[in-house]
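From first to last, the protein sequence lines are chains A and B.
Under the working numbering, the first sequence has 96 at position 96, and the numbering climbs by one with no breaks.
Under the working numbering, the second sequence has 315 at position 129, and the numbering climbs by one with no breaks.
By construction, the Cβ of each residue, glycine as well, lies at the ideal position given by its N, Cα and C atoms.
The structure appears right after this line, and notes come after that.
Protein chains: 2
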Amino acid sequence: MNKADARYQKSRSAIIESSIALLLTNPDARMSEIALAAGVGRATLYRHFETRGELIKALTLLCLDETEAALIPVQEQGLDGLDAMVASIRVIVPMAERFRFLMNFTSIGAADDTINRTYQRQLDGLVGYVEAGKKAGDIAKSLPTDWVVASYDALLNAAWGLIQTKKLDADQATEVFVRTFRASLK
Amino acid sequence: MNKADARYQKSRSAIIESSIALLLTNPDARMSEIALAAGVGRATLYRHFETRGELIKALTLLCLDETEAALIPVQEQGLDGLDAMVASIRVIVPMAERFRFLMNFTSIGAADDTINRTYQRQLDGLVGYVEAGKKAGDIAKSLPTDWVVASYDALLNAAWGLIQTKKLDADQATEVFVRTFRASLK
DNA sequence: CTTAAATGAGACATACTTGTATCATAATGA
DNA sequence: TCATTATGATACAAGTATGTCTCATTTAAG
Numbered sequence: 001m002n003k004a005d006a007r008y009q010k011s012r013s014a015i016i017e018s019s020i021a022l023l024l025t026n027p028d029a030r031m032s033e034i035a036l037a038a039g040v041g042r043a044t045l046y047r048h049f050e051t052r053g054e055l056i057k058a059l060t061l062l063c064l065d066e067t068e069a070a071l072i073p074v075q076e077q078g079l080d081g082l083d084a085m086v087a088s089i090r091v092i093v094p095m096a097e098r099f100r101f102l103m104n105f106t107s108i109g110a111a112d113d114t115i116n117r118t119y120q121r122q123l124d125g126l127v128g129y130v131e132a133g134k135k136a137g138d139i140a141k142s143l144p145t146d147w148v149v150a151s152y153d154a155l156l157n158a159a160w161g162l163i164q165t166k167k168l169d170a171d172q173a174t175e176v177f178v179r180t181f182r183a184s185l186k
Numbered sequence: 187m188n189k190a191d192a193r194y195q196k197s198r199s200a201i202i203e204s205s206i207a208l209l210l211t212n213p214d215a216r217m218s219e220i221a222l223a224a225g226v227g228r229a230t231l232y233r234h235f236e237t238r239g240e241l242i243k244a245l246t247l248l249c250l251d252e253t254e255a256a257l258i259p260v261q262e263q264g265l266d267g268l269d270a271m272v273a274s275i276r277v278i279v280p281m282a283e284r285f286r287f288l289m290n291f292t293s294i295g296a297a298d299d300t301i302n303r304t305y306q307r308q309l310d311g312l313v314g315y316v317e318a319g320k321k322a323g324d325i326a327k328s329l330p331t332d333w334v335v336a337s338y339d340a341l342l343n344a345a346w347g348l349i350q351t352k353k354l355d356a357d358q359a360t361e362v363f364v365r366t367f368r369a370s371l372k
């Protein structure tokens, strides 16, 4: 298992990409199905990830890291409150597959400390934006922060669903999401 | 298996109520866990529902029928468009457990014709309301109907989640949902 | 009270999934 | 070219869930 070997890398990325897509559709997919979808043998799948649980944990962490990394530029823009949330939406909707994976598997990864900390960090950031938005007057103070956060997640999920079923493309989904979310905060 | 027998009815309702609550928390719950939660023997569970699949199909159909029945009074009020949707929300949020069960198991019941027809009927009703709302000017015509329907479902799901985690009670959730949904349509 | 029937407990076969191990093959890298 | 090594196919043991069946017990109904 030489990480630099081209065969190794090819198998690994095939497994990762296929797994995320497949498990999103069918969270109960078996290791044999995952291997088949990735186009690798089941034995190879086990060579890369010791158990099914380890695979899911690795995928969760990957998605978490990728979304966190994608949001760094937003943070560096120095935005806050509603503006920061809208900027976040524009970044995340196109990569909603990654984000949605997290929503479906947080309970599974909930045993892992690293995953919990990273997840909590992202949640805290969101809560911070909401509270800043309230102070700035962009978000109605009478709306519970929990509700704003929950509806943000829910609408993101809805947007991804429409993209997935080809009812909207990523740009349309982003725009309608931003518009709906903005309006919903008054 | 005499449906009029008190023992039969007691077991059956215990199974149904426990199953819905348990499967909502853990969709992969085993027949042994379901029986345990219902306080009946595993054998009795199988006497009432031939297979796990049949159980889930029966529960899906039950939830579907109950939500449909609960919405009949709304239809009979002669409301349409946004008013009908808001009235529907007020009826459905308190029974969101039933509704959410459907969202998690539609793919499983998707093989069944009766389930599909009933589900489609409810969806059509919702689409009808949205289109009437657009004509009446309560819902922006530039919002895709698919998006309005999807966000309605998504926000309902979010509301239920907050009720479940005790962050809001049913009344608060209903009000914030109605408010958010109304605002989001402009 | 007496009969009929639903239940609970548990044994049982079947099937399926997981994770491990082996071996021949094919692709990589030096 | 040649040695290395990741892979695919396959067999395998262990564990677990499903669905069936039996029998003693309990409970409802007449």
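Measure the Cβ-Cβ separation of residue i and residue j and say whether it is below 8 Å.
| i | j | result |
| --- | --- | --- |
| A:Val178 | A:Val86 | yes |
| B:Ile201 | B:Ala224 | yes |
| B:Trp333 | A:Val176 | yes |
| B:Ala256 | B:Met281 | yes |
| B:Ser205 | B:Leu245 | yes |
| B:Ala345 | B:Val279 | yes |
| A:Asp124 | A:Lys57 | no |
| A:Leu185 | A:Leu143 | yes |
| B:Leu247 | B:Thr300 | yes |
| A:Ile89 | A:Thr174 | yes |
| B:Gly267 | B:Ala322 | yes |
| A:Arg98 | A:Glu66 | yes |
| B:Val226 | B:Ser199 | no |
Quick check on residue i: does DSSP put it in helix, strand or coil?
| i | result |
| --- | --- |
| A:Asn26 | coil |
| B:Met187 | coil |
| A:Asp113 | helix |
| B:Thr331 | helix |
| B:Phe285 | helix |
| B:Ala318 | helix |
| B:Phe235 | coil |
| A:Gln77 | coil |
| B:Val226 | coil |
| B:Thr351 | coil |
| B:Leu371 | coil |
| A:Gly137 | coil |
Closer than 8 Å by beta-carbon distance: list the chain B residues that pair up with residue i, in chain order.
| i | result |
| --- | --- |
| A:Gly53 | Chain B residues near A:Gly53: none, gap ~14 Å exceeds 8 Å. |
| A:Thr180 | Leu329, Trp333, Ser337, Ser370 |
Assuming residue i contacts residue j under a Cβ cut-off of 8 Å, what Cβ separation, rounded to an integer in Å, is found between them?
| i | j | result |
| --- | --- | --- |
| A:Arg47 | A:Met103 | Incorrect: roughly 29 Å between the Cβ atoms, too far for contact. |
| A:Ala170 | A:Ile163 | 6 Å |
| A:Thr118 | B:Ser337 | Not confirmed; about 28 Å, so no contact. |
| B:Gln308 | B:Glu254 | 6 Å |
| A:Asn129 | A:Ala84 | Rather than Asn, the amino acid found at residue 129 of chain A in this sequence is Tyr. Indeed they touch by this definition, with Cβ atoms about 5 Å apart. |
| B:Leu231 | B:Glu219 | Going by Cβ atoms, the distance from B:Leu231 to B:Glu219 rounds to 10 Å, so no, they are not a contact pair. |
Which residues in chain A have a C-beta closer than 9 Å to the C-beta of residue i? List them in chain order.
| i | result |
| --- | --- |
| B:Gly319 | The contacting residues do not exist; B:Gly319 stays about 15 Å from chain A at best. |
| B:Leu348 | Pro144, Asp146, Trp147, Ala150 |
Name the chain B residues whose beta carbon is nearer than 7 Å to that of residue i?
| i | result |
| --- | --- |
| A:Asn2 | Going along chain B, no residue has its Cβ under 7 Å from A:Asn2, so there is no contact; the nearest lies around 37 Å. |
Give me the chain A residues within the contact set of residue i, using Cβ-Cβ distance strictly less than 7 Å, ordered along the chain.
| i | result |
| --- | --- |
| B:Ala142 | Residue 142 of chain B is absent from the structure shown; chain B starts at 187 and stops at 372. |
Using the beta-carbon of each residue, which ones in chain A are nearer than 8 Å to residue i?
| i | result |
| --- | --- |
| B:Leu354 | Pro144, Asp146, Trp147 |
| B:Asp214 | Asp28 |
| B:Val313 | Near B:Val313 there are no residues of chain A at all, since even the closest Cβ is about 13 Å away, more than 8 Å. |
| B:Val362 | Leu143, Pro144, Trp147 |
Cβ-heavy atom distance between residue i and the ligand FMN below 7 Å?
| i | result |
| --- | --- |
| A:Leu64 | Ligands are entirely absent from the displayed structure, and the ligand FMN is therefore not among its contents. |
So residue i contacts chain B; which residues on that side make the cut at Cβ distance below 9 Å?
| i | result |
| --- | --- |
| A:Val93 | Going along chain B, no residue has its Cβ under 9 Å from A:Val93, so there is no contact; the nearest lies around 13 Å. |
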